[in-house]
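Trainee:
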Amino acid sequence: MAVSTTFSAPKFDSLFLKSSSSPSSSSRPSSPSIPIHLSLLGKPRTTFIHKGIIRCDAQNNGTSSSLSPLELLKTSSADRYTKERSSIVVIGLSVHTAPVEMREKLAIPEAEWPRAIAELCNLNHIEEAAVLSTCNRMEIYVVALSQHRGVKEVMEWMSKTSSVPVSELCEHRFLLYNRDATQHIFQVSAGLESLVLGEGQILAQVKQVVKVGQGVNGFGRNISGLFKHAITVGKRVRAETNIAAGAVSVSSAAVELAYMKLPGSSYDNARMLVIGAGKMGKLVIKHLASKGCPSVVVVNRTEERVAAIREELKDIEIIYKPLSEMLSCAGEADVVFTSTASETPLFMKDDVKDFPPASQIVGGHRLFIDISVPRNVGSCVSEVESVRLYNVDDLKEVVAANKEDRQRKAMEAQVIITEELNQFEAWRDSLETVPTIKKLRAYAERIRVAELEKCLGKMGDDISKKTRKAVDDLSRGIVNRMLHGPMQHLRCDGSDDRTLTETLENMHALNRMFSLETEISVLEQKVRAKVEQNQK
1 MAVSTTFSAP
11 KFDSLFLKSS
21 SSPSSSSRPS
31 SPSIPIHLSL
41 LGKPRTTFIH
51 KGIIRCDAQN
61 NGTSSSLSPL
71 ELLKTSSADR
81 YTKERSSIVV
91 IGLSVHTAPV
101 EMREKLAIPE
111 AEWPRAIAEL
121 CNLNHIEEAA
131 VLSTCNRMEI
141 YVVALSQHRG
151 VKEVMEWMSK
161 TSSVPVSELC
171 EHRFLLYNRD
181 ATQHIFQVSA
191 GLESLVLGEG
201 QILAQVKQVV
211 KVGQGVNGFG
221 RNISGLFKHA
231 ITVGKRVRAE
241 TNIAAGAVSV
251 SSAAVELAYM
261 KLPGSSYDNA
271 RMLVIGAGKM
281 GKLVIKHLAS
291 KGCPSVVVVN
301 RTEERVAAIR
311 EELKDIEIIY
321 KPLSEMLSCA
331 GEADVVFTST
341 ASETPLFMKD
351 DVKDFPPASQ
361 IVGGHRLFID
371 ISVPRNVGSC
381 VSEVESVRLY
391 NVDDLKEVVA
401 ANKEDRQRKA
411 MEAQVIITEE
421 LNQFEAWRDS
431 LETVPTIKKL
441 RAYAERIRVA
451 ELEKCLGKMG
461 DDISKKTRKA
471 VDDLSRGIVN
481 RMLHGPMQHL
491 RCDGSDDRTL
501 TETLENMHAL
511 NRMFSLETEI
521 SVLEQKVRAK
531 VEQNQK
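Okay, so the sequence shown: first residue is 1 according to full-length UniProt numbering, each after it adds one.
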């Protein structure tokens, strides 16, 4: 099949030069040689693709000039670019790959997610984007026109926003493409990638990504579909396995860590302070209550949220203190839990060095357990002799127990994830037929309207509205009946590979029969739109 395309050399010159250094990221089945006619730099040529080998034949048009190596390189780059399928990519750092000191530099508050999506989608090779930023991970999900160039642009963006050099980010990042990226977010939503296996808070955070992304330009069909399917996976894993049975959250793990570090005799008398009454702070209070803690002091900006928690949790005395009394409250506490959204530390060494010592019942050492990212307690606080400081990375000590049971539960969940992964990939593959469906309908509609106008013209001006509507309905009915068969063969539910393969074959056949040229034209439009947008 020969497809004719024309590129504007001045506009795409720099783009091709950049792209020439990156290999194609998509692999396609071997096929007969496909000639693609390009007019580049004013010189027409034909590029043949056969089994992944690109050969460029110049069309001399009466001249004997041969193509220079640079022109050949540009031609192959242009062809590879337009033939490359968009990829789902995740670039991230998690509690498993990066320390909290690194993660907090890249953390993006929820209120900033729409801005981040907009900035990412302004990059040359990024179509769609989403941000998942929690205390244990910061992950960027994108649909990239080019894997390698898209990753390079996102890494540079992450470096710019965090002031961390790209080389340093590369030491801690993980990078996954397409099926692996999809499997990762499914595992994240199911709680398999959490520090605490099966914890439920991450599913709520994935839901929040979808909620925030609604209506945001750049949170498009692929990324939206990916996260919505991930929510389905998370729900199904929790419903069909016992992975959540006995599972704990980061907040409950923090409480467990505190009780591991406290002398057993002090459990009922240790003075507890929780700073922040958000979701994580509320869970800390809830788990303190479940441990039999009789009372807790809660410091928060406003009392309303604390009052609501007090109404819900009747088994523990909750004492509210305003933020202005935070330091004095910390000086009177034996254990301090911090879980606020503050982007700057609440406690530094100078703030705590003059605190009175903790009570002797807890050994004279005050525990600071900081489960916030960015951290609420500066690392310098650990230099104070009477303080023991722990952050989210220290929770690994708590969750190391029952490792074999956790692995067995993960295997049960993985069966469901694999099944859902195949369904999502089939759905995404079927999206390739959407442009063909639209173009075929538009093609049929143009013919219908033209023939309808001819018919109505022959019938004269004195026909009634009822007759006009009847003729119009008749034409629509004929077209819809004619298109029903082809449309059915362009849709599949992805239940088996054979059906999907046949659907894509039907798509290519219709493209040829009706000259729809879907694949090349759509990708070419994306390339042109991106370049034009960034040249404004």
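Positions of the beta carbon are idealized from the N, C-alpha and C atoms, including for glycine.
Computed from a predicted structure; not experimentally measured.
Pull up the distance between the alpha-carbon of V176 and that of I231, whole angstroms please.
Mentor: The count along the sequence shown starts at 1 and reaches residue 176 at position 176. The count along the sequence shown starts at 1 and reaches residue 231 at position 231. Position check: residue 176 holds Leu in this sequence, whereas Val was assumed. Computed Cα separation, rounded: 19 Å.
Trainee: Ordered along the chain, which non-local residues of its own chain (more than five positions away) have a Cβ less than 7 Å from that of Q187?
Mentor: Sequence index remark: in the sequence shown, residue 187 carries index 187 (1-based). E193, I417.
Trainee: Does DSSP put M272 in a helix, a strand or coil?
Mentor: The residue you call residue 272 lines up with position 272 of the sequence shown. Reduced to three states, the DSSP call for M272 is strand.
Trainee: Per the contact definition of three or more C-beta pairs closer than 8 Å, is the region 152–165 in contact with the region 122–141?
Mentor: The region 122–141, when compared against the region 152–165, does touch it at the 8 Å Cβ threshold.
Trainee: Which residue's Cα is closest to the Cα of E332: A270, V449, E343, I185?
Mentor: Taking the sequence shown and counting its residues from 1, the one referred to as residue 332 is at position 332. If we check each option's Cα against that of E332, A270 comes out closest.
Trainee: Sorted by chain position, which residues of the same chain lie with C-beta nearer than 6 Å to Q201's C-beta, five sequence neighbours on each side aside?
Mentor: What you label residue 201 is simply residue 201 of the sequence shown in a count that begins at 1. Excluding positions up to five away in sequence, the list reads S249.
Trainee: Between which two residues does the beta strand (DSSP E) carrying A144 extend?
Mentor: Here residue 144 refers to the residue found at position 144 of the sequence shown. Taken as a continuous stretch (DSSP letters only), the beta strand (DSSP E) holding A144 covers 137–144.
Trainee: Is there contact here, the region 104–113 with the region 200–220, by at least three beta-carbon pairs under 8 Å?
Mentor: Contact holds: three or more Cβ-Cβ distances are below 8 Å.
Trainee: Under 8 Å: do the region 381–395 and the region 352–363 share three or more Cβ pairs, one atom per stretch?
Mentor: Yes: at least three Cβ pairs fall under 8 Å.
Trainee: For E338, which three-state DSSP category applies?
Mentor: Looking up residue 338 in the sequence shown gives position 338. In the sequence on display, residue 338 carries Thr and not Glu. T338: strand per DSSP, three-state reduction.
Trainee: S22 by DSSP, collapsed to three states: which one?
Mentor: Residue 22 sits at position 22 when you count from the first residue of the sequence shown. Residue confidence is low: S22 scores 41 on pLDDT, short of 50, so the model does not pin down where it sits. Its coordinate-derived value is still stated next. In the structure shown, S22 sits in coil (DSSP, three-state: anything other than H, G, I, E or B).
Trainee: If you follow the beta strand (DSSP E) that P322 is in, where does it begin and where does it stop?
Mentor: Position 322 of the sequence shown, counted from the start, is the residue given in the question as residue 322. Segment 317–322, the beta strand (DSSP E) holding P322.
Trainee: Which of the three DSSP states is assigned to D180 in this structure?
Mentor: Taking the sequence shown and counting its residues from 1, the one referred to as residue 180 is at position 180. Residue state, collapsed to three classes: helix.
Trainee: Note down, in chain order, each residue of its chain lying with its Cβ closer than 7 Å to the Cβ of G52, except the 5 sequence neighbours on either side.
Mentor: Translated into the one-based positions of the sequence shown, residue 52 becomes position 52. Note that G52 scores a pLDDT of 38, beneath 50, so its modelled location is shaky and nothing firm can be said.
Trainee: Based on DSSP bridge pairs, tell me the residues matched to Y390.
Mentor: In the sequence shown, residue 390 corresponds to position 390, counting from 1. DSSP lists I369 as partners of Y390.
Trainee: Distance check for T302 and L327, CA to CA, integer angstroms please.
Mentor: In the sequence shown, the residue the question calls residue 327 occupies position 327. In the sequence shown, the residue the question calls residue 302 occupies position 302. Using only the alpha carbons, I get a separation of about 16 Å.
Trainee: Could I get the ranges of all uninterrupted beta strand (DSSP E) runs contained in the region 233–300, with 3 residues as the minimum, in chain order?
Mentor: The region 233–300 contains these whole beta strand (DSSP E) runs: 272–275, 295–300.
Trainee: Three or more C-beta pairs under 8 Å: does that hold for the region 294–309 against the region 276–283?
Mentor: Yes: at least three Cβ pairs fall under 8 Å.
Trainee: If you reduce the DSSP assignment to three classes, tell me which class A333 lands in.
Mentor: What you label residue 333 is simply residue 333 of the sequence shown in a count that begins at 1. Note: A333 maps to coil in three-state DSSP.
Trainee: Is V95 helix, strand or coil by DSSP?
Mentor: Within the sequence shown, the letter at position 95 stands for residue 95. In the structure shown, V95 sits in coil (DSSP, three-state: anything other than H, G, I, E or B).
Trainee: Roughly how far, in whole angstroms, is the beta-carbon of V392 from the beta-carbon of V196, given that I think they are within contact range, below 8 Å?
Mentor: Translated into the one-based positions of the sequence shown, residue 392 becomes position 392. Translated into the one-based positions of the sequence shown, residue 196 becomes position 196. In fact, because the Cβ distance is near 10 Å, the residues do not count as touching under 8 Å.
Trainee: Please list, in chain order, all residues of the same chain as S133 whose beta carbon is under 7 Å from its beta carbon, the five residues on each side excluded.
Mentor: By one-based count along the sequence shown, residue 133 stands at place 133. Answer for S133: A107, I108, listed in chain order.
Trainee: Ends of the alpha helix (DSSP H) at A470?
Mentor: Translated into the one-based positions of the sequence shown, residue 470 becomes position 470. That run of the alpha helix (DSSP H) goes 465–488.
Trainee: Among residues of its own chain, excluding the 5 on either side of E256, which ones have a beta-carbon nearer than 6 Å to its beta-carbon?
Mentor: On the sequence shown, position 256 is the one that residue 256 refers to. Result list for E256: V398, in chain order.
Trainee: How would you write the range of the alpha helix (DSSP H) that A111 sits in, first residue to last?
Mentor: As a working mapping, residue 111 is identified with position 111 in the sequence shown. Counting along the chain, A111 falls outside any alpha helix (DSSP H), and DSSP gives it neither H nor E.
Trainee: Would the beta-carbon of V90 fall within 8 Å of that of E139?
Mentor: On the sequence shown, residue 90 is found 90 positions in, with the first residue counted as 1. On the sequence shown, residue 139 is found 139 positions in, with the first residue counted as 1. It is a contact, given that the beta carbons lie within the stated cut-off.
Trainee: Would A118 pass as a contact of G218 if the rule is Cβ separation under 8 Å?
Mentor: On the sequence shown, residue 118 is found 118 positions in, with the first residue counted as 1. On the sequence shown, residue 218 is found 218 positions in, with the first residue counted as 1. Their beta carbons are under 8 Å apart, which means A118 touches G218 by this criterion.
Trainee: The alpha helix (DSSP H) with G206 in it runs from where to where?
Mentor: Against the sequence shown, residue 206 aligns to sequence position 206. First, the amino acid is wrong: residue 206 is Val here, not Gly. 201–213 is the extent of the alpha helix (DSSP H) around V206.
Trainee: If you measure between the beta carbons of L262 and A330, is that distance less than 8 Å?
Mentor: Position 262 of the sequence shown holds residue 262. Position 330 of the sequence shown holds residue 330. Going by C-beta atoms, L262 is not nearer than 8 Å to A330.
Trainee: Please report the residue range of the beta strand (DSSP E) in which I126 lies.
Mentor: By 1-based counting over the sequence shown, the position of residue 126 is 126. From DSSP, the beta strand (DSSP E) with I126 extends over 126–133.
Trainee: With respect to the alpha helix (DSSP H) encompassing D351, which residues constitute its N-terminal and C-terminal limits?
Mentor: For this step, residue 351 is matched to residue 351 along the sequence shown. 349–352 is the extent of the alpha helix (DSSP H) around D351.
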